[in-house]
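Read through the structure below, which is laid out as structure tokens, and then see the notes.
Chains as they are written, first to last, in the numbering used here: chain A, 1 to 415; chain B, 1001 to 1415.
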């Protein structure tokens, strides 16, 4: 029998407990949505005021050099690299995940273009849709006859692979189920068929240990505004390893990716390294704040974060089953640690209304069609006691039936 | 003979004089670089603190709805539309100018694709290079044999047009010379040959009267961080008129451009209208600040801004010629008002060093290869007396030869 006292004991032994003080957390809230929009690091407030009052207001155009604006995508990228098993100079923080997928997919297709029978791009039906939409945009614009083919789940990958597959786009952690692909084995499986793999790290970066180079992966993209706490809609990361980066370019070849952008040459010459994945001028205020989020991670170890994440998700599952076992909840997330990310999803017929009732009580999870209640577990600022309290609220709502679907209108929210 | 007293008289009659109070201006500076990075509106400080402390920190994920984050691209776009002769629903503020050029160029090519002899994309050799680089990225990515052909200046457009031209990309105001294309006549000239035109408004938006629909233009893109004072690297605008917007899509088809993004459908269905030119999740902090810059413009009229801009650029040219006439300065910018934007450029053998000497004195202009000193004239916060003072500094530097090229290293700065 798990108890509140037991949770408190675990908190006392928690090596990450002090990290909570790095963040400005919302009042009276247990925030289980850091996998959608991360919380604000304390440092972001001072930083943004410096940017607005000193860098923008006073130093203006000179800030491109004196405050390092121009270098921010690689400056932050080099820090992000440390979280994902990448080398310095392999990661940039720039543009959006959608744009970055477009760039690396274009690169993958270009690398493979001499093998004219490779026309199939594989992705998961359950992928976050923007990945599918970008692939569709790519296939519709090229006239080579590329085709997106969807697989229904991990069990279907092997059968779908063939010497006609050019590239595979996979979400490292699925945004809804929380399923975690084993990166190294899956990459090897894909390479065995001569295809390239693009890993979407949106729901794993900052939550799961990632070893991109150790896995021999080909490309990766991902959000910085979820577990990395980079700020709302902050620019995304893109990783291209040494083995590919100087092979070909990418079509969004704007001036920030030029070898000598200030020569004002008429011909595009790509910079060496990840810089060629930059394109247009970056939104400095939003971009600089990513630094504050990533800096917190550099004070700890991803192995510590992963350990606590697994402990908290284990606890959450066990407590829901202990406290709410008589209700019609179905665990969507894998029970097996090796294939579980850092959020836990349960299905319930009235999932949407229950999530609204939880939010009214200050327990912020979110809802994803169909019927999925999603709870993001962020080890840097959640305690075991928070998990206990969240489950008690859920139990109370379920036991009393105190949700009323009629009160709540379904409305959008962001992945 | 122009005098300081005359300048002061003009300031007393200036209908825009009060607008200066809308901005937090740098200390001891005459800022003639607002065509590169605009100054900070006062409102931006309160806004950014609200975003960081309330919207991000306290309201978190709910802010996508309650604080209108999701709607910002069109909310601000509708305001920008009023400055450029566009209708509500035709403009979005999103991504970068480079990305937006890629999107609209892809659209233009798609619209024209049945006319298989049209393979030439025309642009100016003197365009800001990112436009050329993006066109090159597009031609290299598509395999149809599109070709970028450069024209040396306005005088060459007519000869370059033919029934093989698919699209023409033109900078409404040239970033270096300040040349202003007559939009309506040029658009008609291009249409007469069956080609489409894309106007790059980076150096005209917020400085020049623009009538996109009145000119029957096809597409427009542009920066918000220059004359519009949207903040460093702020997201860019894109305009697609009713006549084209629902014809075809664009290849960066991310989820923000989907008709029903929260249905999580596997197939991309483009939204109606300009929303389909959205792609990935936007950098909210940087994006929201554009609102503050644009709001200042809505308190005045573009006709007033244009009148004052012409008065100040006329005055600047006249004063330089009166005060510095014996020095080897060559006016690069057109003297004729109808074809002049809102910056003035002079060429001088030691242009780079002179600009550095001016900056040391607090007169911030910038330098563009080769030998071009560029002075941006922003009517919302510059006075006639500022122009007088700036020219006096220039005169003093030139008269005394008080620049020393050896002290200054050439380094990059941002357009």
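Glycine included, each C-beta is placed from N, C-alpha and C at the ideal position.
Helix, strand or coil: how does DSSP classify residue 362 of chain A here? For the purposes of this step, residue 362 of chain A is taken as the residue at position 362 of the first chain. In the structure shown, the three-state DSSP call for residue 362 of chain A is coil.
Where the beta strand (DSSP E) through residue 1093 of chain B begins and ends: On the second chain, residue 1093 of chain B is found 93 positions in, with the first residue counted as 1. It spans 1091-1093 - the beta strand (DSSP E) in which residue 1093 of chain B sits, taken as one unbroken run.
At what residues does the alpha helix (DSSP H) containing residue 1043 of chain B begin and finish? On the second chain, residue 1043 of chain B is found 43 positions in, with the first residue counted as 1. Element bounds for residue 1043 of chain B: 1043-1049.
Reduced DSSP secondary structure (H/G/I, E/B, other) of residue 124 of chain A: Numbered from 1 along the first chain, position 124 holds the residue referred to as residue 124 of chain A. Correct three-state label for residue 124 of chain A: strand.
So if I threshold CB-CB distances at 8 Å, which residues from the stretch 135-155 of chain A count as touching chain B? 136, 137, 138, 140, 141, 142, 143, 144 and 150
Compute the Euclidean distance between the alpha carbons of residue 1035 of chain B and residue 1226 of chain B, then round it to the nearest angstrom. Sequence index remark: in the second chain, residue 1035 of chain B carries index 35 (1-based). Sequence index remark: in the second chain, residue 1226 of chain B carries index 226 (1-based). Roughly 5 Å between the two C-alpha positions.
Excluding sequence positions up to five away, which residues of its chain have a Cβ less than 7 Å from the Cβ of residue 1257 of chain B? Reading the second chain from its first residue, position 257 is the one you call residue 1257 of chain B. So the list reads 1270, 1271, 1275, 1276, 1277, 1278 and 1279, once near-sequence residues are dropped.
Only counting runs of 4 or more residues, tell me where the alpha helix (DSSP H) segments fall wholly within the stretch 1101-1156 of chain B, in order along the chain. 1129-1141
Check this for me: beta carbons of residue 1253 of chain B and residue 221 of chain A, under 8 Å apart or not? Position 253 of the second chain, counted from the start, is the residue given in the question as residue 1253 of chain B. Position 221 of the first chain, counted from the start, is the residue given in the question as residue 221 of chain A. No; because the gap between Cβ atoms is not below 8 Å, this pair is not in contact.
The stretch 1108-1137 of chain B: which residues have C-beta closer than 7 Å to a C-beta of chain A, in chain order? 1125, 1129, 1130, 1132, 1133, 1134, 1136 and 1137
Contact check, residue 376 of chain A vs residue 343 of chain A under 8 Å by CB: the rounded distance? Here residue 376 of chain A corresponds to residue number 376 of the first chain, with the count starting at 1. Here residue 343 of chain A corresponds to residue number 343 of the first chain, with the count starting at 1. So it is a contact: roughly 4 Å between Cβ atoms.
Cutting at 6 Å between CB atoms, please list the residues of its own chain near residue 21 of chain A, excluding the five before and the five after it. The count along the first chain starts at 1 and reaches residue 21 of chain A at position 21. Excluding positions up to five away in sequence, the list is empty.
So with Cβ pairs under 8 Å, would you call residue 1374 of chain B a contact of chain A? Taking the second chain and counting its residues from 1, the one referred to as residue 1374 of chain B is at position 374. No, because no Cβ of chain A sits closer than 8 Å to the Cβ of residue 1374 of chain B.
For residue 172 of chain A, is the classification buried or exposed, using 16 other Cβ atoms within 10 angstroms of its Cβ as the cut-off for buried? Numbered from 1 along the first chain, position 172 holds the residue referred to as residue 172 of chain A. Label assigned to residue 172 of chain A: buried.
Would the beta-carbon of residue 956 of chain B fall within 8 Å of that of residue 281 of chain A? There is simply no residue 956 of chain B to check, as chain B begins at 1001 and stops at 1415 in what is shown.
Short check: CB of residue 1228 of chain B to CB of residue 1210 of chain B, under 8 Å? Position 228 of the second chain, counted from the first residue, corresponds to residue 1228 of chain B. Position 210 of the second chain, counted from the first residue, corresponds to residue 1210 of chain B. Not a contact, by the Cβ cut-off of 8 Å.
Could you give the first and the last residue of the continuous alpha helix (DSSP H) run that contains residue 420 of chain A? Limits of chain A in this structure are 1 at one end and 415 at the other, which puts residue 420 of chain A out of reach.
For residue 1381 of chain B and residue 1360 of chain B, the rounded distance between their alpha carbons: Residue mapping note: residue 1360 of chain B aligns to position 360 of the second chain, counting from 1. Residue mapping note: residue 1381 of chain B aligns to position 381 of the second chain, counting from 1. If you take the alpha carbons of residue 1360 of chain B and residue 1381 of chain B, they lie about 21 Å apart.
Let me know the secondary structure DSSP gives residue 264 of chain A once reduced to three states. Here the question's residue 264 of chain A lines up with position 264 in the first chain. DSSP places residue 264 of chain A in coil when its eight states are reduced to three.
Whose Cβ in chain D lies nearer than 7 Å to the Cβ of residue 282 of chain A? Within the model displayed, chain D is absent; protein chains A and B are what it includes.
Helix, strand or coil for residue 1062 of chain B, going by three-state DSSP, please let me know. As a first step, residue 1062 of chain B is located in the second chain; it is residue number 62 there, counting from the start. Helix.
Please compile the residues from chain B whose C-beta is within a distance smaller than 9 Å of the C-beta of residue 97 of chain A. Walking along the first chain from the start, residue 97 of chain A turns up at place 97. Within chain B, the residues near residue 97 of chain A are 1254, 1280 and 1281.
Taking the beta strand (DSSP E) that residue 1217 of chain B belongs to, which residues open and close that run? For the purposes of this step, residue 1217 of chain B is identified with residue 217 of the second chain, where counting begins at 1. Per DSSP, residue 1217 of chain B lies in no beta strand (DSSP E) and is assigned neither H nor E.
For residue 408 of chain A and residue 313 of chain A, I'd like the C-alpha separation in whole angstroms. Looking up residue 408 of chain A in the first chain gives position 408. Looking up residue 313 of chain A in the first chain gives position 313. With a pLDDT of only 47 at residue 408 of chain A, under 50, the local geometry of the prediction cannot be trusted, and no value is derived from it.
Endpoints, alpha helix (DSSP H) assigned at residue 1388 of chain B: Walking along the second chain from the start, residue 1388 of chain B turns up at place 388. First-last of the alpha helix (DSSP H) with residue 1388 of chain B: 1384-1400.
Taking only the alpha-carbon atoms, compute the straight-line gap between residue 143 of chain A and residue 1143 of chain B and give it to the nearest angstrom. Your numbering for residue 143 of chain A matches position 143 in the first chain. Your numbering for residue 1143 of chain B matches position 143 in the second chain. Spanning the two alpha carbons is a distance of roughly 8 Å.
Excluding the 5 residues flanking residue 251 of chain A on each side, which residues of the same chain have their C-beta closer than 7 Å to its C-beta? For the purposes of this step, residue 251 of chain A is taken as residue 251 along the first chain, with counting starting at 1. Correct list, in chain order: 106.
Strand pairing of residue 1374 of chain B, partner residues [DSSP]: Here residue 1374 of chain B corresponds to residue number 374 of the second chain, with the count starting at 1. DSSP output for residue 1374 of chain B lists B/1345 and B/1366 as bridge partner(s).
Residue 317 of chain A lies in the alpha helix (DSSP H); which residues open and close that run? Residue mapping note: residue 317 of chain A aligns to position 317 of the first chain, counting from 1. Its alpha helix (DSSP H) spans residues 302-323.
In angstroms with no decimal places, state the Cα-to-Cα distance between residue 1121 of chain B and residue 1149 of chain B. For the purposes of this step, residue 1121 of chain B is taken as the residue at position 121 of the second chain. For the purposes of this step, residue 1149 of chain B is taken as the residue at position 149 of the second chain. Residue 1121 of chain B and residue 1149 of chain B: Cα-Cα distance of roughly 6 Å.
Buried or exposed (CB count within 10 angstroms, at least 16 for buried), residue 57 of chain A: The count along the first chain starts at 1 and reaches residue 57 of chain A at position 57. Buried, because 16 or more other Cβ atoms sit within 10 Å of the Cβ of residue 57 of chain A.
Local Cβ density within 10 Å of residue 1068 of chain B, reported as buried at 16 or more and exposed below that: As a position in the second chain, residue 1068 of chain B is number 68, starting the count at 1. Classification of residue 1068 of chain B: exposed, given that the 10 Å Cβ count is below 16.
Distance, Cα to Cα, residue 362 of chain A vs residue 27 of chain A? The residue labelled residue 362 of chain A in the question sits at position 362 within the first chain. The residue labelled residue 27 of chain A in the question sits at position 27 within the first chain. When the Cα atoms are used, residue 362 of chain A and residue 27 of chain A turn out to be separated by approximately 9 Å.
What did DSSP end up calling residue 16 of chain A once you bin it into helix, strand or coil? Position 16 of the first chain, counted from the first residue, corresponds to residue 16 of chain A. Annotated three-state conformation of residue 16 of chain A is coil, per DSSP.
Can you tell me whether residue 73 of chain A is helix, strand or coil according to DSSP? In the first chain, residue 73 of chain A corresponds to position 73, counting from 1. Residue 73 of chain A falls in the helix class under three-state DSSP.
Where residue 246 of chain A and residue 161 of chain A are concerned, what is the direct C-alpha to C-alpha distance, given to the nearest angstrom? Taking the first residue of the first chain as 1, we reach residue 246 of chain A at position 246. Taking the first residue of the first chain as 1, we reach residue 161 of chain A at position 161. Going from the Cα of residue 246 of chain A to the Cα of residue 161 of chain A covers about 27 Å.
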